[in-house]
Ligand SMILES: [Zn+2]
């Protein structure tokens, strides 16, 4: 069984704001879908699973390719 948690911050959800824990998290989720999905700074770090030395100035397209290279390198290792 999975605990009923807020999908935004992971805290126990509140009935009044379900499936979130607060109106704040509900607003965050709403904004996420409304203005470019997951385009919030900081989210990309979780995708690349690590600190990106190139920073936010790096071209968006190369991020996925770079991650793929790292994945292959890890597999070979
Ligand atoms: Zn929350």
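Residue numbers (the numbering used here): 1 to 77.
All C-beta atoms in this analysis are idealised placements derived from N, C-alpha and C, irrespective of residue type, glycine included.
Owing to the predicted nature of the structure, the values given are computational and were not obtained by experimental measurement.
Are there any heavy atoms of ligand 1 lying less than 7 Å away from the beta-carbon of residue i, as far as the coordinates show?
i: residue 32; result: no
i: residue 23; result: no
i: residue 72; result: no
From residue i to residue j, what distance separates their C-alpha atoms?
i: residue 7; j: residue 29; result: 9 Å
i: residue 65; j: residue 33; result: 25 Å
i: residue 63; j: residue 73; result: 15 Å
i: residue 46; j: residue 20; result: Residue placement at residue 46 is flagged as unreliable, the pLDDT there being 49, under the threshold of 50; the coordinate-derived value follows with that caveat. Spanning the two alpha carbons is a distance of roughly 21 Å.
i: residue 85; j: residue 10; result: Absent from the model: residue 85. The displayed extent of the chain is 1 to 77, so no value can be given.
Contact defined as beta carbons within less than 8 Å: I believe residue i pairs with residue j. What is the distance between those atoms, to the nearest angstrom?
i: residue 26; j: residue 15; result: That belief does not hold up - the Cβ atoms of residue 26 and residue 15 are roughly 13 Å apart, past 8 Å.
i: residue 23; j: residue 12; result: Wrong, their Cβ atoms sit about 15 Å apart, outside the cutoff.
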